[in-house]
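Enquirer: Pasting a structure here, questions to come.
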Amino acid sequence: MAIFFNENKKIFTMSTNHSSYQMQVNPLGILLHVYYGSKICEQDEMGYLISYRDRGFSGNPYDALTDRTLSLDLLPQEYPTYGVGDYRVPTMELVHADGSYAADFRYESYCIKKGKYQVDGMPALYAAEDEAETLIITLKEYASDVRLLLYYSVFEENDVITRAAKIVNDGESAIVLNRVLSACLDFQYEDFDLIHFHGRHCMERQMERVNLMHGIHRLSSARGASSHHHNPFFILCDKDATEHYGKCYGISLVYSGNFTAEIEVDQVNQTRAVIGIGDYQFHYNVKPKESFMMPEVVMSYSENGLQSLSHQYHKIYRHHLCRGKYQLTRRPILINNWEATYFDFNEEKLLHIAEQASELGIEMLVMDDGWFGKRDSDYSGLGDWIVNTKKLKGGLKPFVEKVNALGLKFGIWFEPEMVNEDSDLYRVHPEWVLQCPNRKPGRSRYQLVLDMGRKEVIDYLFDAICSILDSANIEYVKWDMNRSMSDVYSNILDKESQGQAYHRYMLGLYDLLERIVQRYPNLLLEGCSGGGGRFDPGMLYYSPQIWCSDDTDAIERLKIQYGTSFCYPISTVGAHVSAVPNHQTGRVVPYHTRGVVASAAGGFGYELDLSKVTEEERRLTKIQVENAKKYFDLVNNGTYYRLTNPFQNQTYTAWEFVSEDQSEALVSAVITKVYANGATLIVKPEGLQKDALYQIDGKEQVYSGAALMNGGICIPLPNVLDPNGAEMQSVNSGKEYGAVQYHIVKCSK
Ligand code: GLA
């Protein structure tokens, strides 16, 4: 049993294989958070860790009577609120009908059941009855009929605990929520580093590790999407934690819109972390008998460093978040025409690319932006999801038939949530966009944002998308979203309800995505937002892969894919081989290296004009495509190891995949800087069986797992290599940016 309740002491203990989480109801009914960390016994009572002291300016609840040591300002709590004496970052700011800002929740009841709870209208982890256990604790507001339901599901095998919460207004008058975050984690004695993932368009999820300071560290998005700029995921870890050592806590929000995460170190060095829906322009009226549910938070703990924390997230997201036909099976290797043609294409051009692709073993053509309405640039056409017959003369069906006849599947690009002013949709329905009264809305990429909180918008988009998908044999959709929102005002909401507009947008989007995945169970969806601007667990519930970044430069991708790997499984990453000089950076990287970097992904493909590549590059493409097929299971379902940190190691970046049974591994390394007469480089594989014997493809020697893991493999020096040699192929630019790959296989000799 993963959840244990000590009735006498009112202690809830939730345990996974290697972690425990404990809460205790105190004599006043306040739900304390007493422990989260390495596994303890279910009889343990961790409340002994709380020190009760009378501290100045940290007051006491009235019903603590003469006890001046009991203060909400100091106690570790499960769901701390604003207004009643806790001055740290709150999860909730609640306003009652009389205008009072007070939320004082006390324990009322609990229930424990098999299986996993669901989150109303939002994505969440799923589990069979025997894969998770759920605890629901009900708290009641001290002086009103407002209830707070705290949901927990324990995935024992995965070392994961999820949380969500719901506010239920059982009173007679409406309440207002100005801030309502999903979860809080209070730590009394830890001294943490914070690891978070910031970035920008074309440079997402850059890993940064900082010392926590007294005061508040805030990570957030107010862009209407989880954003390129911050990811709704962070790690708190021991100051000396490494990939293999130290306590680490991961906190990941299953939501794709605005979010707020705050980490505070208080007056007595306690750490509090909170996360949930973004609090800017958030203002939610909950009428009598209505409720408001908050998105899910997925927490995981490892006492063995960052590597195992990531493995826990990879497993849970691969097996309990991603869904559908392509959750675990191989996805078609694709060629996307965006960087090959941009908007300038027609049927002949695309068919020419498809012909080349088919000869090389590529399996799907994706027609990107520009196939619909009047869309020859990004100034017009969004919203008009009708085939542009100037580009595709006979329409979509015969074109797709020709693509299929070449042996390729066909995929298509949509950006459903947006509209250009120069579009028929906008001319007919200007009221469908988010726009403040009497103001012109800000433009970005010359597009405006549709109000996805309007049912008729969702219905229109559903019909428009279905009529395209039904018109031809379309097996893949790239779902894009290419701007940050501003002027978020919905003209179907009254003025008291404008603070709901961002969240209603998300609920509408999730509803539309759910309708699409239900209607087309075999369709592969790839999420995208100018690359990885919405790379979050919320989107992964609908699309098992997300275009990781608009930056296709293989060297920059090393850092982007490294940062992404802390939370997200490699199977969810979309990565392509593109042309050089690279369109984002101008850098020239050998074709082989571009292939090695792009193949560390579940959504592997190409994004260049294959009619312009050299014979040698065609030869390499065939090998890369074969390898992507051959190594699919290893890469997608194997265990991923970060062997170097590209933010620290300036010389090379290495990573590895190991099969679950440890019989096979694939080690990749990319040289990021060459030095004259440089030192020998060593890469040390991980995750092999110490005593087993292994061989590296193409080499005679037999090694024990221990030899390879402790001794490592010498990477040949770039400046002594034949650029076309077997180990390091460096086609376009001589010695720089070479890459090696070692396929290690268990043998019986
Ligand atoms: C975004 C995507 C690109 C491409 C363009 C098309 O930037 O990330 O891959 O689809 O839109 O406009």
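Residue numbering for the sequence shown is 287 to 1035, as defined by this note's numbering.
Glycine residues also receive a C-beta, built at the ideal position from the N, C-alpha and C atoms.
These numbers were taken from a predicted model, which means no experiment stands behind them.
1) What's the C-alpha gap between Gly888 and Phe918?
2) Report the option in Val866, Leu720, Tyr570 whose CA atom is closest to the CA atom of His382.
3) Could you spell out where the beta strand (DSSP E) holding Ala252 opens and where it closes?
4) Are there three or more Cβ pairs, one per stretch, closer than 8 angstroms when the segment 596 to 616 is compared with the segment 908 to 926?
5) Return yes when at least one heavy atom of ligand 1 lies under 7 angstroms from the C-beta of Asp431, else no.
6) Going by alpha carbons, who is nearest to Met771 out of Gln733, Lys296, Arg740, Asp756?
7) Which word fits Asn963, buried or exposed, when buried means at least 16 other C-beta atoms lie within 10 angstroms of its C-beta?
8) Quick check: the Cα distance between Lys970 and Phe943, rounded to an integer number of angstroms?
9) Rounded to whole angstroms, what is the Cα-Cα separation between Gln404 and Ala410?
10) Quick one: measure Cβ to Cβ for Gln308 and Asp472, integer angstroms, because I've assumed they're closer than 8 angstroms.
11) Regarding Asp654 and ligand 1, is the C-beta to nearest heavy atom distance less than 7 angstroms?
12) Quick one: give me the first and last residue of the beta strand (DSSP E) that Ala547 is part of.
13) State the CB to CB distance for the pair Gly813 and Ser829, rounded to an integer number of angstroms; the pair is presumed to be in contact (CB under 8 angstroms).
14) Given that a residue counts as buried once 16 or more other Cβ atoms are within 10 Å of its Cβ, and exposed if not, what is Asn294?
15) Given this structure, state the Cα-to-Cα distance separating Thr355 from Val554, to the nearest angstrom.
16) Rounded to the nearest angstrom, what separates Asn590 and Glu548 at their Cα positions?
17) Let's test the definition: count the other Cβ atoms within 10 Å of the Cβ of Ser815 and tell me whether it reaches 16, buried, or not, exposed.
18) Smallest Cα separation from Ala511: which of Val899, Val735, Val584?
19) Looking at the structure shown, is Ser512 part of a helix, part of a strand, or coil, going by DSSP?
20) If Val1031 sits next to Asp983, beta carbons under 8 angstroms apart, how far is it from one beta carbon to the other, in whole angstroms?
21) Could you give the DSSP three-state label for Pro518: helix, strand or coil?
22) For Leu711, tell me which candidate among Phe291, Ile698, Ile672 has the shortest Cα-Cα distance.
23) Could you check if Trp699 belongs to the surroundings of ligand 1, using beta carbon to heavy atom distance under 7 angstroms?
24) If we require 3 or more residues per run, which beta strand (DSSP E) segments fall completely within the segment 482 to 508?
25) I think Arg433 touches Asp406, with their Cβ atoms under 8 angstroms apart; what is that distance to the nearest whole Å?
26) Taking just the CA atoms, how far does Met825 sit from Asn810?
27) For Tyr961, which residues of its own chain have a beta-carbon under 8 angstroms away from its beta-carbon, when the five flanking residues on both sides are left out?
28) If you check the beta carbons only, do Pro618 and Met650 fall under 8 angstroms apart?
29) Going straight from the alpha carbon of Gln630 to that of Asp895, what length do you get?
30) Taking only the alpha-carbon atoms, compute the straight-line gap between Glu490 and Leu592 and give it to the nearest angstrom.
31) Thinking C-beta only, is Ile754 closer than 8 angstroms to Pro702?
32) From Gln1015 to Trp699, what does the alpha carbon distance come to, in whole angstroms?
33) Below 8 angstroms on the Cβ atoms is my guess for Val882 versus Ala1025; work out the distance and round it to an integer in Å.
Expert: Put simply:
1) If you take the alpha carbons of Gly888 and Phe918, they lie about 8 angstroms apart.
2) That would be Tyr570, whose Cα lies nearest to the Cα of His382.
3) What the structure shows of the chain is the stretch from 287 to 1035, and residue 252 is not part of that stretch, so it cannot be assessed.
4) For the pair of segments examined, the segment 596 to 616 was found to touch the segment 908 to 926: the number of CB pairs separated by less than 8 angstroms reaches three.
5) Asp431 Cβ: outside cutoff for every heavy atom of ligand 1.
6) Gln733
7) exposed
8) 13 angstroms
9) 7 angstroms
10) So it is not a contact: roughly 12 angstroms between Cβ atoms.
11) yes
12) 545 to 551
13) 4 angstroms
14) exposed
15) 14 angstroms
16) 25 angstroms
17) buried
18) Of the listed residues, the one whose Cα sits closest to Ala511 is Val735.
19) coil
20) 7 angstroms
21) strand
22) Ile672
23) yes
24) 489 to 497, 501 to 507
25) Contact doesn't hold; Cβ gap of about 15 angstroms is too wide.
26) The sequence shown places Leu at residue 810, rather than the Asn named in the question. Cα to Cα, Leu810 sits roughly 13 angstroms from Met825.
27) Thr937
28) For Pro618 and Met650, yes; Cβs fall inside 8 angstroms.
29) Per the sequence shown, the amino acid found at residue 630 is Asp instead of Gln. Approximately 12 angstroms, taken between the alpha carbons.
30) So the two alpha carbons sit approximately 20 angstroms from each other.
31) no
32) In this predicted model, Gln1015 has a pLDDT of only 43, less than 50, meaning its place in the structure is not dependable; the value taken from the coordinates is given anyway. If I take the Cα positions, the gap works out to 34 angstroms.
33) 4 angstroms
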